[in-house]
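Below is one structure; the comments refer to it alone.
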Amino acid sequence: MKVRCFLPVFLFLFSFLPHAFSQISDDFSDGDFSQNPAWQGDVANFIVNAGGELQLNAPAAGASQLVVQGNIPDSAIWNLRFELGFAPSNQNLLRIYVLADQTDLTTANGYFLEIGETGSQDALRFFRQDAGAKSLLATGQPALVASNPDIQLRIKRTITGDWEISAAPVGSALQL
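Here the sequence shown is numbered in the working numbering, starting from 2 and rising by one per residue.
This is the structure we're talking about:
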C-alpha cells in the first residue's frame, strides 16, 4: 500500500522532531529492554523470552504499551516482526505506532498500524491520528492477519511524506 500524507496492545512509538536524526535499533538479543534503548510504559507487562523476542506477559486482560522515544528524520524505515498466538479482533488487537508526538497515545498526533477486526478477513490497516481521532489511510490484503499471524513488516516514510508498507508471513517475500 502507498499513501500520500498531507500534513507505537501496543509495541512501538517513536516521537519526532523536524530536521533531527536518530537511529533506533533493538533486536532484544541482550535480553533486556530497559536500556540501549530504554523502553518505557507498562514494563512489568512485558518480557524478553528465551528466543530473544519481546513478549506481552500481562497478568490480566487490558491495554499494555511500551514506547521508545527518538528523533525521527523526514524519512525513515522501520523493520519489525509481530506474532500473535490468537485470532485478533476489534476487542483484542495490536496497534503499532510508528510516529507520535507524545507518549499519551489517547490524544497523540501520529501514524499507526492496527491488526484486529471483526470477522475472518482481518487486514493490516494504516491510520493517521489527530488529537486522538483516527482516520483510515490504507488497508492491506484481506485475511493476511486473521488467524495467529506471524508477520514481518517494513514501513518506509519518504522525504516527500509518502508511506510504503510491505508485509508478509515470516519466511515469505515482503510485498507492497
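Cβ atoms here follow ideal geometry from the backbone N, Cα and C, with glycine treated the same way. Here the structure is a predicted model, which is why all the values come from computation and not from measurement.
| Asked | Found |
| --- | --- |
| Run through DSSP, which three-state label would Ala-101 get? | strand |
| Considering just the uninterrupted stretch of the beta strand (DSSP E) at Phe-47, what are its terminal residues? | 47-49 |
| Please go through the same chain and pick out, in chain order, the residues whose beta-carbon is closer than 6 Å to the beta-carbon of Tyr-112, but skip the five residues on each side of it. | Val-99, Leu-100, Arg-129 |
| Are the beta-carbon atoms of Ile-160 and Asp-75 separated by less than 7 Å? | yes |
| Less than 7 Å between the C-beta atoms of Ile-116 and Pro-89, yes or no? | yes |
| Tell me, please, which residues DSSP counts as bridged to Ser-167. | Arg-155 |
| According to DSSP, is Val-146 helix, strand or coil? | coil |
| Which of the three DSSP states, helix, strand or coil, is assigned to Val-44? | helix |
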